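So for the sequence shown, UniProt numbering puts the first residue at 1; every next one is plus one.
Glycine residues also receive a C-beta, built at the ideal position from the N, C-alpha and C atoms.
Computed from a predicted structure; not experimentally measured.
Single-structure report; data block below.
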Amino acid sequence: MPIADLNLLRRAEMFGSLPTEALADIAAAGLPRRLVAGERIFAQGDPGVTCHTLMEGRVKIVQTLPDGTQAVLRFIGPGEMYGTVAALMDQPFPADAIAVTESVELRWGVSNFRELMRRHPEIGVRSTASAGTRLFDLQNRISELSTERVEQRIARAVLRLAEQAGRPTPQGTEIDFPITRQELAEMTGSTLHTVSRTLAAWDQAGVTASARRRVIVRDRAALQAMADH
1 MPIADLNLLR RAEMFGSLPT EALADIAAAG LPRRLVAGER IFAQGDPGVT CHTLMEGRVK
61 IVQTLPDGTQ AVLRFIGPGE MYGTVAALMD QPFPADAIAV TESVELRWGV SNFRELMRRH
121 PEIGVRSTAS AGTRLFDLQN RISELSTERV EQRIARAVLR LAEQAGRPTP QGTEIDFPIT
181 RQELAEMTGS TLHTVSRTLA AWDQAGVTAS ARRRVIVRDR AALQAMADH
C-alpha cells in the first residue's frame, strides 16, 4: 500500500491511534485488493485464515441458516475489520462476506496479523474491544427479534444504517450504498412483502423516500418514534 494511502488505514478501528511508522509496517504486511460489486470475499465455512480491513466501499456479512434462508448480519463500512475473530480463533468463517459496491480492502494472513499484534500490542487491545462491540450488537439484534414488532425492527434497522452510512441530501439523509428490500427483510427477520408494504406506507407519509435500491430518511423523528413504540 502506498504511503499516501496510510490516511485511509489511519481511519481503521484497529489502527487509528498508531504512529505513522507502525501504520507503514501494518500496510507493508498486508495485501491491498480491489473488489467488484457482488464479489464474494470469503464464504461461510471456509477456513478462517485471513484478516480483513475495508478501506473504501461497502461489504455485507450474510449467513445461511440451517433451513436455507439467509440473514444479513451486518454491513461493513470503511475502517471496519471483518473475518478477524474467526481467523484469530482458528475457526471457519461463520458467514459470507460480499462486496456491495466497488470496494478496496487490505488483508493479511492470520500468521502475519498475529505477528503484527506482537509488534504493536495496541492492535490486540482494539481487536478485543471490537469483538466485544460486535457481541453487544448481536445481543441487541436478538433482543429486537424476540421482543419488538416487525415495524419497530424495520425502523430501527433503517435508522442504524442512516447513522452508519448516511449522507445529507436536499430530501433528507440518504443511506450511501444500494440496499434492497430483501436485504432489509433479512436484517430484520421479516419478509419482502412486509418490508415493501412498510416502506411504501412510510414513503406516502413522507417519513422515507425509497426507490431503485436507495433509501432516504426524510423524517428522522417520526422514524425514531416508530422504532421506540
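Report the three-state DSSP secondary structure of A158 (helix, strand or coil). Just to set this straight, residue 158 is Val in the shown sequence, not Ala. Looking at V158 - three-state DSSP - the assignment turns out to be helix.
Residues bridged to S103 by DSSP? L35
Provide the residue span of the alpha helix (DSSP H) that contains Q139, from first to last. E122 to T147
R11 - DSSP class collapsed to helix/strand/coil: coil
Beta-carbon gap between V72 and M187 smaller than 7 Å: yes
Cα separation between T84 and G172? 35 Å
Shortest alpha-carbon distance to E21 belongs to which of N7, A221 and R34? N7
Within this structure, are the beta carbons of R213 and P178 separated by less than 7 Å? yes
Residue burial classification, I142 (beta-carbon count within 10 angstroms, cutoff 16): exposed
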